[in-house]
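Okay, structure first, notes after.
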Amino acid sequence: MNWQKRLWRPESSFRLMAKLLQVNWLYVLLICALAGVGYLALYSAGGGSAKPFAGPQAVRFGFGLLMMVLVALLSPRVLRWLSVPIYLLSITLLGLVLRMGHVGKGAERWISLGGMQFQPSEFAKIALVLALASWFYRIDPVRMGNPLRLIPPALMVLLPVALVLKEPNLGTGVIIGVIGATMFFSAGMRLWQILILVAPIPFLGKFVYAHLHDYQKARIDTFLHPEHDPLGAGYNIIQSKIALGSGGMWGEGYLRGTQGQLNFLPEKQTDFIFTMIGEEWGYAGAVSVIALLGILVLGGMLISLRSRNQFGRLLALGISVDFFMYCAVNLSMVMGVIPVGGVPLPLVSYGGSAMLTMMFGFGLLLSTWVHRNEKDRPTSDVAE
Numbered sequence: 002m003n004w005q006k007r008l009w010r011p012e013s014s015f016r017l018m019a020k021l022l023q024v025n026w027l028y029v030l031l032i033c034a035l036a037g038v039g040y041l042a043l044y045s046a047g048g049g050s051a052k053p054f055a056g057p058q059a060v061r062f063g064f065g066l067l068m069m070v071l072v073a074l075l076s077p078r079v080l081r082w083l084s085v086p087i088y089l090l091s092i093t094l095l096g097l098v099l100r101m102g103h104v105g106k107g108a109e110r111w112i113s114l115g116g117m118q119f120q121p122s123e124f125a126k127i128a129l130v131l132a133l134a135s136w137f138y139r140i141d142p143v144r145m146g147n148p149l150r151l152i153p154p155a156l157m158v159l160l161p162v163a164l165v166l167k168e169p170n171l172g173t174g175v176i177i178g179v180i181g182a183t184m185f186f187s188a189g190m191r192l193w194q195i196l197i198l199v200a201p202i203p204f205l206g207k208f209v210y211a212h213l214h215d216y217q218k219a220r221i222d223t224f225l226h227p228e229h230d231p232l233g234a235g236y237n238i239i240q241s242k243i244a245l246g247s248g249g250m251w252g253e254g255y256l257r258g259t260q261g262q263l264n265f266l267p268e269k270q271t272d273f274i275f276t277m278i279g280e281e282w283g284y285a286g287a288v289s290v291i292a293l294l295g296i297l298v299l300g301g302m303l304i305s306l307r308s309r310n311q312f313g314r315l316l317a318l319g320i321s322v323d324f325f326m327y328c329a330v331n332l333s334m335v336m337g338v339i340p341v342g343g344v345p346l347p348l349v350s351y352g353g354s355a356m357l358t359m360m361f362g363f364g365l366l367l368s369t370w371v372h373r374n375e376k377d378r379p380t381s382d383v384a385e
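Okay, structure coming up:
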């Protein structure tokens with residue numbers, strides 16, 4: 002009867018059930034609400050049909066939801082053990098993009114996996130957060146004053162940034178850099194060290210602009226003067242502003258947005274999905290969606306603050322910053338505050354890579370909540 006005991010252990014089942022009860026189901030409900038907004042917007046983008054956008058997106062979300070709950074049950078020890086393999090996998094995938102990637106709109110960002118187009122740069126952000134949280138967990142914050150101890154994690158950030166910029170993908174490269182800098186600061190990096198790192202940035206603008214690709218320069222020039230080419234490079238942002246403005250306070254009505262339904266609005270299912278929401282749901286609907294995004298960001302920050310161990314704090318913070326940067330860049334882009342770039346609105350824009358990697362990230366965030374009461378061990382015992 003020993004084999005029966007091995008197959009089913011009551012104490013293991015009780016622990017699993019206890020972890021499931023510990024999951025922050027309110028946060029899960031908010032995630033589902035945001036995905037619901039995305040489904041309605043994509044249904045409208047498809048002309049009042051679940052095909053070709055809303056239906057596949059719902060299937061992806063269902064798979065992502067299951068993955069998120071399973072990841073939430075993983076212990077911090079398992080996540081720390083997986084951090085290095087996941088990071089190395091992300092770097093390998095970024096390298097494969099440069100050798101055999103799919104070219105689209107002037108950039109080489111996708112690879113084919115099992116018949117699906119996958120964007121490794123999205124996965125690289127989550128992998129970096131996991132790797133940095135694991136690294137800083139093993140270092141005594143007091144020793145952060147030694148610059149030599151910052152070289153390995155700095156290289157961990159610079160490597161994916163360099164590979165992503167090589168694609169080229171400037172927007173995602175900047176987001177990865179911001180995530181890394183935030184985690185450095187939160188891990189105990191000294192202010193003078195941060196100033197040394199950021200001091201050259203204002204003086205690199207001209208150098209960076211000179212080495213941008215032509216389409217990237219066009220985006221910046223269009224951002225500054227969109228009216229110079231209203232039917233060419235400036236078309237996207239001009240149509241986006243028209244759609245947002247036409248929504249008024251309460252919107253033109255669901256499935257009744259003129260710019261979106263008459264296909265004047267480009268990329269309405271991906272980059273400019275929020276513009277469709279603003280046009281059809283108006284200012285009230287747009288602000289409500291922004292509020293929902295803000296609640297998810299703040300919820301992630303609160304989970305970080307509630308964690309009693311360094312690994313959980315940094316992990317939750319990194320995921321929250323990643324989600325915030327997604328939202329901030331996309332919303333600023335469609336409103337004309339920053340140049341247009343290929344950054345989707347998480348769980349709302351159509352696309353599998355961003356959806357699944359963000360759901361994996363939310364799983365890490367919920368794992369931090371489930372194991373929030375685990376304390377750090379003494380520094381001398383941290384190395385595993």
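Just so we're aligned: 50 in this note's numbering is position 49 of the sequence shown, and the numbers increase by one with no gaps anywhere. Heads up, the beta-carbon is just placed ideally off N, CA and C, and yes, glycines get one too.
Option in the options with minimal Cα separation from residue i
{"i": "LEU348", "options": "VAL175, SER289, ALA42 and VAL72", "result": "ALA42"}
{"i": "LEU299", "options": "GLY65, TYR284 and ASP323", "result": "ASP323"}
{"i": "GLY174", "options": "ALA182, ILE152, THR183 and ALA163", "result": "ALA163"}
{"i": "GLY63", "options": "GLU268, LEU74 and CYS33", "result": "CYS33"}
{"i": "GLY313", "options": "ALA287, LEU35 and LEU75", "result": "LEU75"}
{"i": "SER350", "options": "LEU192, GLY235, ARG78 and ARG61", "result": "ARG61"}
{"i": "ALA387", "options": "ARG16, LEU192, TYR138 and ALA36", "result": "The displayed coordinates of the chain run from 2 to 385. Any statement about residue 387 would go beyond what the structure contains."}
{"i": "ARG257", "options": "LYS20, ALA19 and GLY48", "result": "GLY48"}
{"i": "LEU151", "options": "GLY235, LEU66, SER368 and GLY181", "result": "GLY181"}
{"i": "VAL72", "options": "VAL24, ALA55 and GLY301", "result": "VAL24"}
{"i": "LEU66", "options": "LEU367, ASP141 and LEU332", "result": "LEU367"}
{"i": "GLY39", "options": "GLY362, SER308, LEU293 and VAL371", "result": "LEU293"}
{"i": "GLY343", "options": "PRO57, PRO86 and GLY172", "result": "GLY172"}
{"i": "LYS376", "options": "VAL338, LEU316 and SER308", "result": "SER308"}
{"i": "ASN147", "options": "GLU268, PRO169 and GLN194", "result": "GLN194"}
{"i": "ASP141", "options": "MET190, ILE291, HIS372 and VAL29", "result": "MET190"}
{"i": "VAL98", "options": "PRO169, ALA155, TYR28 and ASN331", "result": "PRO169"}
{"i": "GLU268", "options": "TYR236, GLY254, ILE291 and TYR284", "result": "TYR236"}
{"i": "TRP82", "options": "PRO57, ARG139 and TYR28", "result": "ARG139"}
{"i": "LEU332", "options": "PHE54, MET356 and ILE291", "result": "ILE291"}
{"i": "TYR44", "options": "GLY261, PRO345 and MET356", "result": "GLY261"}
Distance CB(residue i)-CB(residue j) smaller than 8 Å
{"i": "SER122", "j": "LEU159", "result": "no"}
{"i": "GLU280", "j": "SER247", "result": "yes"}
{"i": "ALA134", "j": "GLY364", "result": "no"}
{"i": "TRP282", "j": "GLY249", "result": "no"}
{"i": "THR271", "j": "SER241", "result": "no"}
{"i": "TYR88", "j": "LEU31", "result": "no"}
{"i": "PHE137", "j": "SER91", "result": "no"}
{"i": "LEU266", "j": "MET336", "result": "no"}
{"i": "ILE176", "j": "THR358", "result": "no"}
{"i": "SER187", "j": "LEU80", "result": "no"}
{"i": "PRO77", "j": "ASN310", "result": "yes"}
{"i": "GLY286", "j": "ILE278", "result": "yes"}
{"i": "VAL341", "j": "ILE238", "result": "yes"}
{"i": "SER321", "j": "MET334", "result": "no"}
{"i": "VAL371", "j": "LYS52", "result": "no"}
{"i": "ALA317", "j": "THR369", "result": "yes"}
{"i": "MET326", "j": "VAL165", "result": "no"}
Contact belief for residue i with residue j at Cβ below 8 Å, rounded distance in angstroms
{"i": "MET157", "j": "LEU196", "result": "Incorrect: roughly 21 Å between the Cβ atoms, too far for contact."}
{"i": "ILE274", "j": "ALA46", "result": "7 Å"}
{"i": "PHE119", "j": "SER354", "result": "5 Å"}
{"i": "PHE361", "j": "MET18", "result": "PHE361 to MET18, Cβ: 23 Å. No contact."}
Legend entry - Ranges of the alpha helix (DSSP H) found wholly within the region 32-108, counting only runs of at least 4: 55-73 and 77-101
Inset, instruction - Taking only runs that begin and end inside the region 275-321, name each unbroken alpha helix (DSSP H) of 4 or more residues, in chain order. - result: none
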